[in-house]
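Read the structure below first, then the notes.
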Amino acid sequence: MKAIERQLEEFGVVPVVVLEDVKDALPLADALVKGGLPCAEVTFRTEAAGDSIRQMMERYPDMLVGAGTVLTTDQADRAIDAGAKFIVSPGFDPEIVDYCLKGDIPVFPGCVTPSEVAQAVKRGLRVVKFFPAEQFGGVSTIKALAAPYTTVRFMPTGGVNAKNLKDYLECGKVVCCGGSWMVKGSLIKEGRFDKVLEMTKEAAGLVKEIRG
32 MKAIERQLEE FGVVPVVVLE DVKDALPLAD ALVKGGLPCA EVTFRTEAAG
82 DSIRQMMERY PDMLVGAGTV LTTDQADRAI DAGAKFIVSP GFDPEIVDYC
132 LKGDIPVFPG CVTPSEVAQA VKRGLRVVKF FPAEQFGGVS TIKALAAPYT
182 TVRFMPTGGV NAKNLKDYLE CGKVVCCGGS WMVKGSLIKE GRFDKVLEMT
232 KEAAGLVKEI RG
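What the sequence shown shows, in the numbering used here, is residues 32 to 243, in sequence order.
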């Protein structure tokens with residue numbers, strides 16, 4: 032978990048990807064790696080997720096690829112079997128969290144309330160997802176939650192973009208942000224991976240500018 036957390040903090044931004052077709056997995060991975068963000072959270076919202084993760088990991092074994100929107104332990108199994116290095120769930124599901132911890136699988140469950148953060152702390156988790164970030168108060172809520180739960184840091188996702196990224200990354204309780212603005216579904220469907228590359232470079236540059 033510590034190694035994954037260090038990588039996430041180094042990247043600053045994790046592209047949150049929805050892939051409808053496996054054929055788009057490798058061009059997307061190429062763009063992310065060349066753009067300076069060799070990482071991705073591939074959401075299990077589509078049937079293409081598992082095979083997409085597998086192809087990305089086969090081409091780039093050192094790339095940090097995780098599975099997002101994991102709603103069942105079966106999906107967690109499929110993701111890890113495909114090569115995913117971590118699991119992300121939109122909410123705090125005790126069954127999924129406990130299953131992953133038992134299997135020594137890095138997991139980042141969604142937490143937006145003190146009760147959910149408390150459950151994460153009880154299980155020894157140090158980093159949780161904060162989703163949907165903007166809708167639940169953004170940085171101010173993260174700071175409020177972190178006040179009593181001093182050992183926890185957050186991965187805000189949902190409404191994060193190039194315009195508000197600085198607000199989040201300047202908060203010491205934020206490890207990294209999940210974002211989809213550089214990997215928009217429309218760009219992927221249209222095969223505009225040159226634009227994805229361009230926006231990925233901009234995102235990576237923005238992180239460097241903010242965090243040094």
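Each residue gets a CB set at the ideal place from its N, CA and C atoms; glycine is no exception.
Note that the structure is a prediction, hence the values are computed from the model and not measured.
| Item | Value |
| --- | --- |
| Does the count of Cβ pairs from the region 120 to 128 and the region 95 to 104 closer than 8 Å reach three? | yes |
| Run the CB neighbour count on Gln86, radius 10 Å, all protein chains shown included, and call it buried at 16 or more, exposed below. | buried |
| What do you get for Glu72, buried or exposed, if any count of 16 or more other CB atoms within 10 angstroms of its CB means buried? | buried |
| In whole angstroms, give me the CA-to-CA distance for Val311 and Lys197. | In the structure displayed, the chain extends from 32 to 243; residue 311 sits before or after that span and is not available. |
| Could you say which of Met32, Asp52, Asp61 and Leu68 lies nearest to Val44 if we only look at CA atoms? | Leu68 |
| Return the chain-ordered ranges of every beta strand (DSSP E) run that is complete within the region 105 to 180 and spans a minimum of 3 residues. | 118 to 120, 138 to 140 and 158 to 161 |
| How would you write the range of the alpha helix (DSSP H) that Val64 sits in, first residue to last? | Ala56 to Lys65 |
| For Gly203 and Asn195, what's the separation of their Cα atoms in angstroms? | 15 Å |
| So Val48 is in the beta strand (DSSP E); what residue range does that whole segment cover? | Val44 to Val48 |
| Which word fits Pro92, buried or exposed, when buried means at least 16 other C-beta atoms lie within 10 angstroms of its C-beta? | exposed |
| Applying the 10 Å Cβ sphere with the 16-neighbour rule, what's the burial state of Ser171? | exposed |
| So Phe75 and Gln106 are supposed to be a Cβ contact under 8 Å. How far apart are they, rounded? | 5 Å |
| Name, in chain order, the residues that DSSP records as bridge partners for Leu95. | Cys70 |
| What residues are listed by DSSP as bridge partners for Met186? | Lys160 |
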